[in-house]
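**Q** Before I ask anything, here is the structure I am working with.
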Amino acid sequence: MATPADPLSAARGVSRKKFATPPVKSACLGCRAARSRCDGSNPCATCRSKDRECIYTQSRRGGPRPRKKQRTAEPCNQQTGLKTQSGSQNTLPTIPVQNYIDPGAGLRSLEDWAYDSDLIFDTLFDSSSGTAVEGSLHATPESSSGMAGVPMVRTYNSDAELLDAYYIFIHPFFPILPPPTAIAIDQPTSRLQSPNAFPTQFQPASPVGLAILAILSLIPHPDDTDHQDPHSLVFRRNMAQCFAQTAFETIENDDELLDSAIEPPKALSDDHERPTRPPFHPSVPVELEGIITLDILSVYEYAQRGNLKKMQSRAGSAISRAMDLSLHQCGAGEQSEVKRRVWWMTYICAAQGAIVNNSSSTLAMTSDSYTTAFPTISADPQAFDAFVQAQRAIFSATQFVIDLNKAFTNKSDLTPVYQRMRDLEASLELLLHQTSSWQLLSSITSPVDSEEAVVARSLRCMAGINARIKLHRYCAFFDIPVFSRKHCDLKALKESDADVEPRKWPTCSCSSFTNPFNTLSPPRTNSTERSPMPENQAAPDTPESIPNPESNEPGTSHLPFNSHHSAKICLRSALNIAQYFDELPYPNPIGVIQSQGLPGFLSPTSGIICPRTMPSYACCAMQCAYALLMIYQRTKSVYPLSVAEWNMELPSPWRGESVMDVGDDLRSASTRNLLVRLHRGLTSMSATLANYATAFEALGGMRDQIRGAIEDSFVPAA
Numbered sequence: 001m002a003t004p005a006d007p008l009s010a011a012r013g014v015s016r017k018k019f020a021t022p023p024v025k026s027a028c029l030g031c032r033a034a035r036s037r038c039d040g041s042n043p044c045a046t047c048r049s050k051d052r053e054c055i056y057t058q059s060r061r062g063g064p065r066p067r068k069k070q071r072t073a074e075p076c077n078q079q080t081g082l083k084t085q086s087g088s089q090n091t092l093p094t095i096p097v098q099n100y101i102d103p104g105a106g107l108r109s110l111e112d113w114a115y116d117s118d119l120i121f122d123t124l125f126d127s128s129s130g131t132a133v134e135g136s137l138h139a140t141p142e143s144s145s146g147m148a149g150v151p152m153v154r155t156y157n158s159d160a161e162l163l164d165a166y167y168i169f170i171h172p173f174f175p176i177l178p179p180p181t182a183i184a185i186d187q188p189t190s191r192l193q194s195p196n197a198f199p200t201q202f203q204p205a206s207p208v209g210l211a212i213l214a215i216l217s218l219i220p221h222p223d224d225t226d227h228q229d230p231h232s233l234v235f236r237r238n239m240a241q242c243f244a245q246t247a248f249e250t251i252e253n254d255d256e257l258l259d260s261a262i263e264p265p266k267a268l269s270d271d272h273e274r275p276t277r278p279p280f281h282p283s284v285p286v287e288l289e290g291i292i293t294l295d296i297l298s299v300y301e302y303a304q305r306g307n308l309k310k311m312q313s314r315a316g317s318a319i320s321r322a323m324d325l326s327l328h329q330c331g332a333g334e335q336s337e338v339k340r341r342v343w344w345m346t347y348i349c350a351a352q353g354a355i356v357n358n359s360s361s362t363l364a365m366t367s368d369s370y371t372t373a374f375p376t377i378s379a380d381p382q383a384f385d386a387f388v389q390a391q392r393a394i395f396s397a398t399q400f401v402i403d404l405n406k407a408f409t410n411k412s413d414l415t416p417v418y419q420r421m422r423d424l425e426a427s428l429e430l431l432l433h434q435t436s437s438w439q440l441l442s443s444i445t446s447p448v449d450s451e452e453a454v455v456a457r458s459l460r461c462m463a464g465i466n467a468r469i470k471l472h473r474y475c476a477f478f479d480i481p482v483f484s485r486k487h488c489d490l491k492a493l494k495e496s497d498a499d500v501e502p503r504k505w506p507t508c509s510c511s512s513f514t515n516p517f518n519t520l521s522p523p524r525t526n527s528t529e530r531s532p533m534p535e536n537q538a539a540p541d542t543p544e545s546i547p548n549p550e551s552n553e554p555g556t557s558h559l560p561f562n563s564h565h566s567a568k569i570c571l572r573s574a575l576n577i578a579q580y581f582d583e584l585p586y587p588n589p590i591g592v593i594q595s596q597g598l599p600g601f602l603s604p605t606s607g608i609i610c611p612r613t614m615p616s617y618a619c620c621a622m623q624c625a626y627a628l629l630m631i632y633q634r635t636k637s638v639y640p641l642s643v644a645e646w647n648m649e650l651p652s653p654w655r656g657e658s659v660m661d662v663g664d665d666l667r668s669a670s671t672r673n674l675l676v677r678l679h680r681g682l683t684s685m686s687a688t689l690a691n692y693a694t695a696f697e698a699l700g701g702m703r704d705q706i707r708g709a710i711e712d713s714f715v716p717a718a
């Protein structure tokens with residue numbers, strides 16, 4: 001009977017298969033490069049068979065490895081496992097529901113198991129832990145080629161390479177640094193899960209570099225053959241947290257005064273000296289690095305860790321530091337463009353913190369004290385202006401939702417709320433009219449250059465993601481839950497009773513929009529009943545059970561928009577949002593424009609699509625998916641299609657004819673056509689969030705919810 005290789009394996013219940021021939025202490029250069037097994041002879045069998053020179057060199061690893069001491073299984077169970085373990089230890093722990101952050105946002109909240117970067121470092125790389133992958137000990141730290149089955153994370157060899165990676169992966173979506181001087185090329189190196197890899201590799205001294213590295217380390221290495229393996233995910237997660245925590249500690253150290261520990265009275269009277277380290281970016285002053293770092297970390301806490309409280313805390317600290325330096329009142333002069341970008345991106349982060357938390361903000365979105373001009377994008381000077389205006393509109397719509405819920409809960413007078421809804425709709429309609437004249441520059445795979453056409457495209461796409469769904473959702477669908485978990489300000493299914501009729505807003509005709517998820521499909525009706533409009537129309541007609549805007553039904557005169565009108569606005573907005581998400585650019589690591597319409601990959605030899613980063617608009621994607629699902633379910637319940645009807649096509653000559661005047665076949669085709677558009681929109685949202693989730697784990701919860709809704713809903717009736 002075979003025996004375990006060592007007592008530790010026996011304690012774990014794992015039988016390790018011994019090599020038929022023990023591995024040699026040194027391999028030749030040819031076998032190292034080919035990652036094949038060497039027999040240690042000179043020449044070795046592989047080199048003899050390939051008729052090549054067999055060369056041995058002394059290892060740079062400092063001699064043979066010390067023999068591992070036998071240990072009991074108890075200490076291993078106390079350590080953070082980064083290597084495969086048997087039984088229940090092989091399954092990553094599930095996150096209990098109570099750990100989700102209120103107000104939620106439906107993000108996967110990652111365990112905050114370590115606040116000290118030293119603890120994270122020791123957990124990852126302590127050679128005594130026994131968690132290192134044995135095969136990685138043979139890889140040099142400078143190696144950029146991957147090893148099958150070995151968790152790895154991307155890193156860089158200098159600040160210059162790290163800055164290039166920022167311009168590739170982060171700058172198109174978060175332009176907080178000045179424009180690049182040339183097209184950047186990604187040059188990552190691999191850091192394997194090894195006790196010897198970390199000390200010999202480069203680590204930034206600047207908090208900005210560390211924060212950027214925290215984001216970049218979440219992006220799979222192009223040579224990682226199994227980047228979705230749980231151990232690879234955990235390794236990237238822990239490395240990112242190590243860099244993020246170190247970045248935050250560096251900011252704290254910059255603020256520390258030596259006199260505070262030695263002579264506190266002197267600390268009050270002396271000026272605080274600035275850090276003396278070299279700047280991370282040659283055009284960005286060192287005193288601005290703390291603000292930039294906090295802005296990046298706020299997005300990291302949201303997208304990767306699902307920690308909304310820390311997100312808002314980081315953004316709040318950044319806006320406070322920015323105002324202390326009077327960045328909100330920056331005039332023309334030296335480094336004015338740098339300060340403008342830092343101020344307005346900090347402003348955006350503070351607004352996003354309030355939006356995703358669905359909470360009020362102490363920051364005034366508009367103020368006479370904000371005199372700093374908008375940054376300038378050479379390819380599109382008005383792009384930043386449009387981006388900020390759209391952000392203000394989403395913030396205002398969020399505050400409207402908060403006030404609407406508060407007024408309804410307190411049974412207050414809703415007249416001021418209704419008037420505010422009219423005003424917001426007028427301003428949003430004006431912004432929407434402006435977006436119709438936009439022309440997106442560059443392509444989705446263009447590299448970032450000094451003109452920043454890719455940045456302008458990204459800002460325009462994000463500006464086109466409007467807030468009309470948030471404004472009209474309550475009256476259109478009166479908050480019927482769709483998803484099983486809470487996302488942003490969308491209720492979860494578990495929070496409502498499926499057998500109870502949804503709540504009705506006072507004087508709101510949207511009570512006629514019954515819950516489609518609890519309604520059985522009715523029989524087919526005659527041709528006089530309304531059905532969806534064809535694909536070339538902006539939005540469908542809804543069933544006659546929903547009153548028209550001109551209805552004289554009691555109470556509708558008090559509400560600016562009834563459910564019929566609001567539902568059409570939500571549909572139109574959702575389809576537009578899905579299109580703008582599709583038009584967002586992809587990072588371009590190789591600096592060459594790739595095939596039009598196809599996303600870029602991490603490298604020419606990689607099959608991993610480049611993930612977009614800094615996903616500040618993930619909540620808008622969920623709002624879009626919610627509206628599409630509600631309209632789909634309503635359409636399907638009123639006009640059920642058989643499999644034969646589902647396969648019908650809408651005749652192309654039909655244009656603008658009322659669905660009330662066509663036959664059943666044509667109406668069935670138009671219904672199918674609408675359902676196909678809804679399916680495409682939802683598929684687009686699912687693909688967008690899946691792309692984000694390649695790097696950011698917390699957004700995987702949103703992706704899974706939409707996928708589940710698509711699988712449950714989009715099945716033709718038999």
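Position 541 of the sequence shown, counted from 1, bears residue number 541 in UniProt numbering, the numbering being contiguous throughout.
Positions of the beta carbon are idealized from the N, C-alpha and C atoms, including for glycine.
The model shown is predicted, which means the values in this text are computed figures rather than measured ones.
Whole alpha helix (DSSP H) runs in the segment 340-370 with 4 or more residues, listed along the chain?
**A** As summarised for the segment 340-370, there are no continuous alpha helix (DSSP H) elements at least 4 residues long confined to that stretch.
**Q** Which residues mark the beginning and the end of the beta strand (DSSP E) in which T155 is found?
**A** From DSSP, the beta strand (DSSP E) with T155 extends over 152-155.
**Q** Based on the DSSP secondary-structure assignment, which residues constitute the bridge partners of I215?
**A** Beta-bridge pairing links I215 to no other residue.
**Q** Roughly how many angstroms separate the alpha carbons of E337 and N691, rounded to a whole number?
**A** Answer to the nearest angstrom: the Cα atoms are 32 Å apart.
**Q** Pull the bridge partners of T181 from the DSSP assignment, please.
**A** None; T181 has no bridge partner.
**Q** Quick check: the Cα distance between I168 and S269, rounded to an integer number of angstroms?
**A** 45 Å
**Q** Tell me the start and end of each unbroken alpha helix (DSSP H) in the segment 303-346 that is at least 4 residues and wholly inside, in chain order.
**A** 308-324
**Q** CA-CA distance, E583 and P207?
**A** 32 Å
**Q** By the DSSP assignment, the beta strand (DSSP E) with S190 in it spans what residues?
**A** 189-192
**Q** Among H472, Q434, S450, S443, which has the Cα closest to the Cα of L404?
**A** H472
**Q** In the DSSP assignment, the alpha helix (DSSP H) including T250 goes from what residue to what residue?
**A** Run containing T250: 230-255, per the alpha helix (DSSP H) assignment.
**Q** For I176, which of helix, strand or coil comes out of DSSP?
**A** coil
**Q** At which residues does the alpha helix (DSSP H) containing K406 begin and terminate?
**A** 383-409
**Q** Answer with buried or exposed for V388, where buried requires no fewer than 16 other C-beta atoms within 10 angstroms of its C-beta.
**A** buried
**Q** Could you check where the alpha helix (DSSP H) with L628 kicks off and where it finishes?
**A** 618-638
**Q** Give a yes or no on whether the C-beta atoms belonging to T613 and A695 are separated by under 8 Å.
**A** Closer than 8 Å, so yes.
**Q** In three-state terms, what does DSSP make of L699?
**A** helix
**Q** From S298, R468, A160, R672, pick the residue whose C-alpha is nearest to that of H433; which is it?
**A** Residue R468 is the option with its Cα nearest to H433.
**Q** How many whole angstroms separate the CB atoms of F601 and I608, which I take to be in contact at a CB cut-off of 8 Å?
**A** The C-beta distance from F601 to I608 rounds to 6 Å, short enough to fall under 8 Å.
**Q** Considering S563, what are the terminal residues of the alpha helix (DSSP H) in which it resides?
**A** 563-583
**Q** Residues in the same chain with beta-carbon distance under 7 Å from E649, minus the five sequence neighbours each way, listed in chain order, please.
**A** Caution is warranted here: a pLDDT of 49 is assigned to E649, below 50, making its placement in the model unreliable, and no coordinate value can be reported.
**Q** Just the Cα atoms here: how many angstroms apart are residue 719 and T371?
**A** Residue coverage of the chain in this structure runs from 1 to 718, which leaves residue 719 outside it and unanswerable.
**Q** Taking just the CA atoms, how far does A244 sit from A214?
**A** 5 Å
**Q** Between K491 and Q705, what straight-line distance do the alpha-carbon atoms span, to the nearest angstrom?
**A** 13 Å
**Q** Tell me whether E381 is buried or exposed, calling it buried when 16 or more other Cβ atoms sit within 10 Å of its Cβ.
**A** Going by the sequence as given, residue 381 is Pro instead of Glu. Classification of P381: exposed, given that the 10 Å Cβ count is below 16.
**Q** Within the chosen definition, does the segment 247-260 reach the segment 279-297 through at least 3 CB pairs nearer than 8 Å?
**A** yes
**Q** In terms of DSSP beta bridges, what is F601 paired with?
**A** I609
**Q** Which runs of the alpha helix (DSSP H) fall wholly inside the UniProt domain "Zn(2)-C6 fungal-type" (27-56) and span at least 4 residues, in chain order?
**A** 29-34, 45-50
**Q** Going by beta-carbon coordinates alone, are P587 and R341 separated by less than 8 Å?
**A** No, the pair does not count as a contact, with Cβ atoms beyond the cut-off.
**Q** Per the contact definition of three or more C-beta pairs closer than 8 Å, is the segment 567-575 in contact with the segment 621-638?
**A** yes
**Q** Can you tell me whether S217 is buried or exposed? The criterion is at least 16 other CB atoms within 10 Å of its CB, across all chains shown.
**A** Sixteen is the threshold: when 16 or more other Cβ atoms of the shown chains lie within 10 Å of the Cβ of S217, as they do, the residue is buried.
**Q** In whole angstroms, give me the CA-to-CA distance for M345 and Y302.
**A** When only Cα atoms are considered, M345 and Y302 end up about 16 Å apart.
**Q** Could you check where the alpha helix (DSSP H) with I469 kicks off and where it finishes?
**A** 468-477
**Q** Have a look at C38 and V150 and give me their C-alpha separation to the nearest angstrom.
**A** 20 Å
**Q** Quick check on G701: buried or exposed, where buried means 16 or more other Cβ atoms within 10 Å of its Cβ?
**A** buried
**Q** Does the Cβ of S232 have 16 or more other Cβ atoms within 10 Å, making it buried, or fewer, making it exposed?
**A** With 16 or more other Cβ atoms from the protein chains shown falling within 10 Å of its own Cβ, S232 counts as buried.
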